[in-house]
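Let me begin by presenting the structure, written as structure tokens, before commenting on it.
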Amino acid sequence: MSLARRTYSMTETFPASQRFGLTSQIQRSAISIPSNIAEGSGRSSNKDFARFLSIAYGSACELETHLILACDFGYLSAQDLDELSSDVVEIRRMLFALHRTVSA
11 MSLARRTYSM TETFPASQRF GLTSQIQRSA ISIPSNIAEG SGRSSNKDFA RFLSIAYGSA
71 CELETHLILA CDFGYLSAQD LDELSSDVVE IRRMLFALHR TVSA
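Using the working numbering, read the sequence shown as starting at 11 and increasing by one per residue.
Next comes the structure, spelled out in structure tokens:
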């Protein structure tokens with residue numbers, strides 16, 4: 011949830027022309043990560059939880075791609091990209107480990 015809050019704050023500086031483009035995509039993928047973890051944890055089976063963890067993992071990959079594009083377009087500094095990408099990589103690592111545990 012911290013990553014989602016940070017990405018929302020970061021996109022406030024993006025150009026208004028990106029409001030319904032890259033800004034929206036970044037915000038949606040960032041929100042999707044904790045939302046899918048929460049929804050999956052509320053399901054009645056580990057199989058369902060594992061499926062939602064997989065979706066959250068995919069959203070983390072999508073977020074990282076959007077952040078790289080934002081940096082390429084000059085909307086995000088390389089330093090901000092490095093910090094956020096580091097967090098995304100850590101979240102993906104944790105999701106992978108949790109998925110493996112839940113699926114066992």
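Every residue gets a Cβ at the ideal spot worked out from N, C-alpha and C, and that includes glycine.
Given the structure is predicted, the values throughout are model-derived calculations rather than measurements.
- With respect to ALA70, ILE101 sits close: the two C-beta atoms are nearer than 7 Å.
- For GLU22, no alpha helix (DSSP H) segment is defined, and its DSSP state is neither H nor E.
- GLN35 and TYR85 do not touch by the CB rule: their CB atoms are close to 12 Å apart, not below 8 Å.
- Under a 10 Å Cβ-count criterion, GLY50 is classified as buried, with 16 or more other Cβ atoms of the shown protein chains found around its own Cβ.
- By a beta-carbon distance limit of 8 Å, HIS109 does not contact LEU73. Their separation comes to about 17 Å.
- Per DSSP, the continuous alpha helix (DSSP H) segment holding GLN37 begins and ends at 32-51.
- Rounded to whole angstroms, the gap between the alpha carbons of LYS57 and SER113 is 7 Å.
- Contact annotation: LEU105 and ALA60 have beta-carbon atoms that are not nearer than 7 Å.
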